[in-house]
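Asker: So that we are looking at the same thing, I have put the structure below in structure tokens.
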Amino acid sequence: MTDGSVTSSVQLENGTAYETEIFFSAKDKRLLILKLRNKSPGSPLSGTVRLPQARYEYTSSWPTYYMSTSEASLFGIEKVDDYQVRGVSSDTLYTRSAWHFQSSTALRLATEDNRFRFALGPGEEAAFYFSFVTHWESEEYVQKSERIILDAGNLGSVTNDHAAIWRSDWAATPLLALPDKEHEKLFYQSVFWLFCTASSEQFLPGESQFAATCWNMRPFTYGAAGWATLAFMHLGHLEKAKTMLLNHYKPEGLRQNTQLYNSEAEQGDRPLSFAHEVRTDGTTTEINDEQRHLNGFALSLFHKYYILSGDEDFLASYLYPVAKGVAEFWCDLARWDDEVDGYVFPELRSLSEDLLEESLLDIVLSAKWSLETAVHYSTELKKDAALNSRWAEVNQKMHIPQNDDHYLEYLNDKEERSYASYQGVRAPVYLGYPTNELVAALDNDKARNTLAHSWKRNHEGEGMLGFIASWYALAAQSYGMGDLAEEMAAQNFNCFDPSHTAICEGPNNLDRYYFLTNTASYLLFPLNMFVQSYENEIVSLPAVPSAWKDVEFYNIPASNNHKVSGEIRDGQTLWYKVEKDNATVVEATERQTISLD
């Protein structure tokens, strides 16, 4: 984990022995490097290189796409010379791509057309370079893939650059010492997987990257592309976060998406609608696009980046235009209902993807938070006074489905919907995250009841996807429910593959490996129990589980480039410091709201 490099040493009974080292270059994650040394005394070592194939074919036009399996869509594999091979995907693939493979030793074609053989003498070493570029980065993906190989340089410089970047990244990452060693281990594993997988210059491919084929590298706004962005922010790697975040900002595509809901929507600078499964230009694939809760989720990416960075230029150039466009979308979609004497929303799809109802709780909370956010920044920037009044009016009169005890999943919900482990009851997560600012406006007792009630309806997480469990934990933490949050987040331990190496999508989906959405959302859980940030406030120790008596944490990012550290021993807070530029700003000894004004 120190440098993202895996080494192995193999000794077979027949005398064959070799050593390997493999890593994705931290300087350019499109480049994979494998070193192989023959340690067999007096005998050659032969091996086979098996190169990738693609098995899925798409036809695509806005806003729909069609997927089918097709052997005709295999990579076209071509041997360039004795040392280099390349593969180029079919143009019909939804994610078009190319790879190049270069060897320091000669290759010869094996009987299968995607395999090549090589041989090393005793003591000889070989270096293999593999580059992979998709059309998400450039229409010239074939040329870029080859250029990466040509520009790689010598093996020593690549290795040294790689190790230096890993040292720097770890040094800038918060340090946590947790009493529960399973949680501590998973936190660092999650950071490691994030470093290995995300922060690409041109967005992020599918949920599991290349480890599983079920999504075929389609980015999801509230999947890995969104949660990984949030994870980098909360870890303090703001530049990595911004690199990914700005790939969500495609105004022309976001305006085009709005036409699915309002064909007469004005163009110019309003309104905006984010895609569930997003193309390079920001337009949607329409699949599950009715999940409009993700408009609030997408806006929160911009909001939380500004909160943590304090970047005023970003507020004016990106955050406010997104807040304005999303607020306009919600106002266009809302309709007045005399029966409830408030604004409601038409039938849409919930975060629970099998649920299609009116005024879904996640839709309503996402809309309410978005409008509140737009009003706040409009007021702060002294812009769009007339729109500000409209947003405030819709926000104040929005109907939230609820009964006397708790909030409901949707309008007129009788709570008769059957439990489903994969989908379950998901909507209440928006009671707390990423819509944290709503907590002050909601009935907190009712919100706590809702989270506890929903957890029971979900059979305490049985069969639940890891990122939904983590999302529930983040919501519970917003109300100080530390013990319940820990129970919820612990569901991620059921998502490990049988080797206990990779986190998968869920306990019933163990074929979807290295599910970055799970690990990126999980790593927010331990950070959020010690620090919660708002524009001018920090909540200290908001949700530490009662069983966690001995804890240390250092340099957790907080509002406007502050850092937070502290120590708890025998359940008592020894110290808790908020610092900026290495100077202590304030100290605390218990849960409290700290003003940064």
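1026 is the number that the numbering used here gives the last residue of the sequence shown; the numbers go up by one with no jumps.
In this text, a Cβ means the ideal position worked out from N, Cα and C, and glycines have one as well.
Predicted model, so just to flag it, every value in this text is computed and none were measured.
1. By the DSSP assignment, the beta strand (DSSP E) with V509 in it spans what residues?
2. Do you know how far the Cα of G911 is from the Cα of A972?
3. Taking just the CA atoms, how far does G665 sit from A898?
4. For I506, which residues in the same chain have their Cβ closer than 8 Å to its Cβ, ignoring the five residues on either side in sequence?
5. Taking one C-beta from the stretch 911-931 and one from the stretch 580-593 each time, how about it: are there three or more such pairs within less than 8 Å?
6. Mark P974 as exposed unless 16 or more other C-beta atoms lie within 10 angstroms of its C-beta, in which case mark it buried.
7. Among I578, E706 and Y734, which has the Cα closest to the Cα of V509?
8. Cβ of Y859 within 8 Å of Cβ of D791?
9. Please state whether DSSP places T626 in a helix, a strand or coil.
10. Grab me the residues of V435's own chain with a C-beta within less than 6 Å of its C-beta, minus the 5 sequence neighbours each way, in chain order.
11. Within the continuous alpha helix (DSSP H) that includes T687, where are the two ends?
12. Could you tell me the alpha carbon to alpha carbon distance between E1070 and T626, rounded to whole angstroms?
13. Determine the DSSP secondary structure at A1017, reduced to helix, strand or coil.
14. Which value, in whole angstroms, describes the spacing of the CA atoms of C760 and E915?
15. Just list the residues that DSSP pairs T563 with in beta bridges.
16. When you compare only the Cα positions, how much space is there between R778 and F649?
17. Going by DSSP, what residues sit across from S850 in a beta bridge?
18. Cutting at 7 Å between CB atoms, please list the residues of its own chain near G1000, excluding the five before and the five after it.
19. Here's the rule I'm using: 16 or more other beta-carbon atoms within 10 Å means buried, otherwise exposed. How should A803 be labelled?
20. Just to confirm the assignment: which complete beta strand (DSSP E) runs, minimum length 3, are found wholly within the stretch 582-623?
21. Quick check on T879: buried or exposed, where buried means 16 or more other Cβ atoms within 10 Å of its Cβ?
22. Looking only at its chain, what residues have a beta carbon closer than 8 Å to the beta carbon of M673, apart from the 5 residues adjacent to it on each side?
23. Ignoring anything shorter than 4 residues, give me the alpha helix (DSSP H) runs that lie fully in the stretch 743-795, in order along the chain.
24. Within 10 Å of its beta-carbon, does R525 have 16 or more other beta-carbons around it, so buried, or fewer, so exposed?
25. Give me the Cα-Cα distance between I997 and W1004, rounded to the nearest whole angstrom.
26. From the DSSP secondary-structure annotation, give me the bridge partner or partners of Q906.
27. How many angstroms separate the CA atom of F453 from the CA atom of V1007?
28. Less than 6 Å between C-beta atoms, sequence neighbours within five positions excluded: which residues of the same chain meet that for F896?
29. Please work out which residues of its chain come closer than 8 Å, Cβ to Cβ, to H564, disregarding the five sequence neighbours upstream and downstream, and give them in chain order.
30. What did DSSP end up calling A446 once you bin it into helix, strand or coil?
31. Terminal residues of the continuous beta strand (DSSP E) containing Y983?
32. Determine whether the beta carbon atoms of I985 and V960 lie at a separation below 8 Å.
33. For the alpha helix (DSSP H) that K572 lies in, which residues bound it at each end?
34. Closer than 6 Å by C-beta to D432: which residues in its own chain qualify, once you throw out the five before and the five after it? Chain order, please.
35. Just reading off the beta strand (DSSP E) that W1004 is part of, what are its end residues?
Answerer: Reading off the structure:
1. Residue range G505 to D510 is occupied by the beta strand (DSSP E) that includes V509.
2. Distance between the alpha carbons of A972 and G911 is about 4 Å.
3. Distance between the alpha carbons of A898 and G665 is about 23 Å.
4. These residues qualify, in order along the chain: L480, V514, R515, G516, D542 and N543.
5. Under the 8 Å Cβ criterion, the stretch 911-931 does not count as touching the stretch 580-593, having fewer than three qualifying pairs.
6. By the 10 Å Cβ count, P974 comes out buried.
7. Considering only alpha carbons, the answer is I578.
8. A contact, by the Cβ cut-off of 8 Å.
9. Under the three-state reduction of DSSP output, T626 falls in the helix class.
10. Closer than 6 Å at Cβ, skipping near neighbours: I451.
11. Its alpha helix (DSSP H) spans residues P680 to T687.
12. The displayed coordinates of the chain run from 430 to 1026. Any statement about residue 1070 would go beyond what the structure contains.
13. The answer is coil: DSSP assigns A1017 none of H, G, I, E or B.
14. If you take the alpha carbons of C760 and E915, they lie about 37 Å apart.
15. Note: T563 sits in a beta bridge opposite S526.
16. Inter-residue distance for R778 and F649 is about 16 Å (C-alpha atoms, whole angstroms).
17. Paired residue(s): none; S850 is not in a bridge.
18. Leaving aside the five residues that flank G1000 on each side, the residues in its chain whose CB is nearer than 7 Å to its CB run, in chain order, K978.
19. Counting Cβ neighbours within 10 Å, A803 comes out buried, since at least 16 surround it.
20. Those beta strand (DSSP E) runs which fall completely within the stretch 582-623 and span 3+ residues are 604-606.
21. Under this definition T879 is a buried residue.
22. Cβ within range, chain order: A627, S628, S629, F632, L633, A654, A657, T658 and F661.
23. Here the runs fully enclosed are 749-762.
24. Result: buried.
25. Their Cα atoms are separated by approximately 7 Å.
26. None, per the DSSP bridge assignment.
27. Note on geometry: alpha-carbon atoms of F453 and V1007 lie some 36 Å from one another.
28. Its chain contains T946, N947 and S950 as the residues whose beta carbon lies nearer than 6 Å to that of F896, once the 5 sequence neighbours on both sides are disregarded; these appear in chain order.
29. Apart from sequence neighbours up to five positions away, the residues of its chain that approach H564 with a beta-carbon distance below 8 Å are T524, R525, S526, Y570 and T709, ordered along the chain.
30. Three-state DSSP puts A446 in a strand.
31. That run of the beta strand (DSSP E) goes V980 to A987.
32. Taking 8 Å as the Cβ cut-off, I985 and V960 qualify as a contacting pair.
33. It is worth fixing the name first, because residue 572 is Gln in this sequence and not Lys. Y570 to L579 is the span of the alpha helix (DSSP H), which, as asked, contains Q572.
34. Around D432: A592 and W595.
35. For W1004, the enclosing beta strand (DSSP E) begins and ends at Q1001 to K1009.
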